[in-house]
Amino acid sequence: MPFVPVLHAEWIKIRTLRSLLGALSAVLLATVAFSSVTAARSDDSDPLYAVFFGVGLGQIAAVVFGALAVSGEYRGGALRLTLAAVPDRTRWFAAKAVAVALPVLAVGLLTGLLTLAVGRALRGESAPGWGEGLRGAVGCALYLTLMALLAAGFAAVLRSGVGTLGLLIPFLLIVSFVVGDLDSGAADLLPDRAGQLALHSTSKGPLGPWTGLAVTALWVTAALGAGAWCVRRRDA
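Residues in the sequence shown are numbered consecutively from 64, following the numbering used here.
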């Protein structure tokens, strides 16, 4: 089967599941709401991050979306039916990854622009400029997309949404900060901390906004590669 019909089928699955639509909505709502609460109260040392601080919460919803989109295939024999229609497992998994990435990218861009507009309104003269702010908005969209794909890759390896969320959410909320406090050099290479450099005005380490996102993309590539290998090698 050609790639486009497979992608269309995967998109139908996503847009017809309330849990996935709810997770997408939570990406926008959590990010904008949390950012608006913190924007006016943060200091001016990093005005861009003060505006996009809520992405740290919005990424949890992106991870939930990516994990549920893939792990749902492993419930009730759904994957067997899918592979009966699309025997090429690599093509199916590629379509699944694209079907996860595109809506998160679209919602992430809307989230970034809305967060920027709200943050600039709240911070007034201390707000970041439009050029820097638009870079942050694009970085927000790319970062949220990468985190959703990271979760999708882990879900394909673990075959469990609960297992994926039980691994990634504590890592994002706890482990990454602990490692960062112990060794900032190692923490700069973690997927979340590297990617979030796109949301900062300046960087003290060797990575910049785009190189940080590139490091996160390498983590995502490894996770999706492992997920694709598991899809091809394991029984449905």
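The C-beta atom is built at its ideal place from N, Cα and C for all residues, glycine as well.
- [ ] Kindly give me the distance between the Cβ atoms of A261 and G182, rounded to whole angstroms, as I take these residues to be in contact under 8 angstroms.
- [x] So it is not a contact: roughly 15 angstroms between Cβ atoms.
Task: Distance, P110 Cα to P254 Cα - done: 22 angstroms
TODO: Please confirm if the stretch 117-130 is in contact with the stretch 81-96, defined as three or more CB-CB distances below 8 angstroms between the two stretches.
DONE: yes
Task: Cα-Cα separation between H263 and A257, rounded to whole angstroms - done: 11 angstroms
Open item on the list: Whole angstroms are fine: how far does the CA of R152 sit from the CA of K159?
Closed with: 10 angstroms
TODO: Reducing DSSP to helix, strand and coil, say where H263 ends up.
DONE: coil
Task: A132 to L144 span [Cα, whole Å] - done: 16 angstroms
TODO: Throw me the rounded Cβ distance for the L270 and V278 pair, which I believe falls under 8 angstroms.
DONE: 6 angstroms
Open item on the list: Helix, strand or coil, according to DSSP, for D109 in the structure here?
Closed with: coil
Open item on the list: Please tell me whether V118 and Q259 are closer than 9 angstroms, where the distance is taken between their beta carbons.
Closed with: yes
TODO: Could you tell me if T79 is buried or exposed, where buried requires 16 or more neighbouring beta carbons within 10 angstroms of its beta carbon?
DONE: exposed
Task: Proximity below 9 angstroms, CB of A219 to CB of F156 - done: yes
TODO: Please work out which residues of its chain come closer than 6 angstroms, Cβ to Cβ, to R295, disregarding the five sequence neighbours upstream and downstream, and give them in chain order.
DONE: R152
Task: Cβ neighbours of G171 in the same chain (closer than 8 angstroms, five flanking residues each side left out) - done: V90, A125, C203, A204, L205, Y206, L207 and T208
Open item on the list: Less than 9 angstroms between the C-beta atoms of L179 and G194, yes or no?
Closed with: no
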